[in-house]
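This note's numbering puts the first residue of the sequence shown at 8, with every later residue one more than the last.
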Amino acid sequence: MAASVTVVPKTVQEVAAAVEEPPSRYLQPELDRHAGEMPEPIPLVDLSRLTDADEADKLHTALNTWGFFLATNHGIEDSLMDAMMSASREFFRQPVEEKQKCINMVEGRPFDVEGYVHDQLGTQDQILDWNQQLRLRVEPQEESNFAIWPSCPESFRDLVLRSIANLLELDDDYFVDQISENASGIARFNYYHPCSRPDLVLGFKSHSDGGLLTILFVDQDVGGLQVQKDGKWYNVPAKPYTLVINLADCLEIMNNGIFRSPIHRVVTNAEKERFSLAIFYVVDGETTLEPAPGLVWMRSDHQDIGKLRPRILLMGSLNISVKGRDSLRH
Ligand SMILES: O=C(O)CCC(=O)C(=O)O
């Protein structure tokens, strides 16, 4: 008699349809999903007035305290934000077979940064996240396969980098000049299926982002994003049509850790699906980044946090298979 073959479901969508309880590969040992409310609201920064002292102060406070801020007046029309989220809904609600047509893997291995991603297999014992992703390269525009990606506001990254340089008393263009032409932007549409065991399973395990800056459109109806500070988790509030912008690891190295790249995670929800869109501005993986010289002295401990291998950080940020930025430093 032929041995019976067990078909292992691959996507979260298939797993959720096939079994009531998530399989062990999704279970986080000793997960404490509890998070407190923030002691004070995260500053809401008006991006159209970043050169004004009061907005710059708010940016400073936000980066100092949390490593991220909420941005308003960012120049992206509400209708465009709605359209991007509804395109995402449409994509993820398709049958798995349709989405598989854009899969970025051959024989279980990713072959491209772009595509539909439902599995983050790194090592055999890696705990999986309860999400599916669609990644698209959006910058440089000539390499983007996404014809309708909004070109406005085109200098988002540079506007924020210049303001941060300013706060650190560096030349306005210091960070912008450090980034080679091979820097790029990757959009990641995230989809979190409802999960029957939110007490045991994470939508995105705790991580920091590997690039320079991340711009996040979070779901306005379903919370779940949490940020860590001094070992405690806090819920990040969602404000309609407001962006969450966070510093990422490469910029943390370049600013010598004065502003940190925040550790964050996403918890799952038993009843509701959740959508988000993250745009990662990343540097060329082959450059070596190091702290701006003046910033070694700006830290009270005069510590130099060292050089960075962005290639490793960027792989980590896309595959979420690394323990965190501290393990990657020289
Ligand atoms: O879904 C979210 O709110 C956050 C997603 C995230 O952290 C990421 O894509 O790196």
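We treat Cβ as the ideally placed atom computed from N, Cα and C, and that holds for glycine.
Original post:
Nearest-angstrom Cα distance between G331 and A255?
Top reply: Confidence at G331 is low in this model, with a pLDDT of 44, below 50, so the placement of that residue should be treated as unreliable; the coordinate-derived value is given next. One C-alpha to the other measures close to 12 Å.
Original post:
Measuring CB to CB, does R142 end up less than 9 Å from R195?
Top reply: Cβ atoms of R142 and R195: closer than 9 Å.
Original post:
Buried or exposed: where does G43 fall if 16 or more other Cβ atoms within 10 Å of its Cβ makes it buried?
Top reply: Classification for G43: exposed.
**OP:** Under 6 Å Cβ to Cβ from L177, same chain only, skipping five residues before and after it: list those, please.
**Re:** Answer for L177: A299, listed in chain order.
Original post:
Taking buried to mean at least 16 other C-beta atoms within 10 Å of its own C-beta, is H41 buried or exposed?
Top reply: Classification for H41: exposed.
Original post:
Of all the options I171, E121, R169 and V26, which has the alpha carbon lying nearest to the alpha carbon of S345?
Top reply: An answer regarding residue 345 cannot be provided, because it is not within the stretch 8 to 337 covered by the chain.
**OP:** Would you mind sorting G238 into buried or exposed? The rule is 16 or more other CB atoms within 10 Å of its CB.
**Re:** When all chains shown are included, G238 counts as exposed.
Original post:
Excluding five sequence neighbours on each side, which residues of the same chain lie with their C-beta closer than 6 Å to the C-beta of V26?
Top reply: Around V26: no qualifying Cβ.
Subject >> contact_flag[the segment 44–56, the segment 65–85] where n(CB pairs < 8 Å) is 3 or more >> reply: Short answer: they touch.
Subject >> The beta strand (DSSP E) enclosing T221, as first and last residue numbers >> reply: It spans L220 to F224 - the beta strand (DSSP E) in which T221 sits, taken as one unbroken run.
Subject >> Secondary structure, beta strand (DSSP E): runs of 3+ residues fully inside the segment 172–216 >> reply: Taken in chain order, the complete beta strand (DSSP E) segments of 3 residues or longer contained in the segment 172–216 are 191–199 and 209–214.
**OP:** To the nearest angstrom, report how far apart R169 and E105 are at their CA atoms.
**Re:** Between the C-alpha atoms of R169 and E105 there is a straight-line separation of about 42 Å.
**OP:** Return the chain-ordered list of same chain residues with a C-beta closer than 6 Å to the C-beta of A78, the five sequence neighbours on each side being excluded.
**Re:** Answer for A78: V52, L54, L250 and I252, listed in chain order.
Original post:
Name the DSSP beta bridge partners of H271, please?
Top reply: Bridge partners of H271: H214 and V234.
Original post:
Measuring from the CB of V208, is there a heavy atom of ligand 1 at a distance below 8 Å?
Top reply: Outside the cutoff, so no.
**OP:** With E145 as the anchor, note down where its beta strand (DSSP E) starts and where it stops.
**Re:** At residue 145 the sequence reads Val, which differs from the Glu that was named. Judged by DSSP secondary structure, V145 falls within the beta strand (DSSP E) whose first and last residues are Q139 to E146.
**OP:** With DSSP as the reference, please indicate the residues paired to I110 in a beta bridge.
**Re:** BP columns for I110 point to Y123.
**OP:** Could you check what DSSP says for T249 in three-state terms: helix, strand or coil?
**Re:** DSSP, reduced to helix, strand and coil, places T249 outside both helices and strands of the structure shown, so it counts as coil.
Original post:
Which residues bound the alpha helix (DSSP H) around N71?
Top reply: Taken as a continuous stretch (DSSP letters only), the alpha helix (DSSP H) holding N71 covers A60 to T72.
**OP:** Please determine if the segment 213–224 and the segment 263–282 are in contact, where contact requires at least 3 C-beta pairs separated by less than 8 Å.
**Re:** Judged by Cβ distances under 8 Å, the segment 213–224 makes contact with the segment 263–282, as three or more pairs qualify.
Original post:
Touch check for the segment 256–263 and the segment 91–111: three-plus C-beta pairs under 8 Å?
Top reply: Judged by Cβ distances under 8 Å, the segment 256–263 makes no contact with the segment 91–111, as fewer than three pairs qualify.
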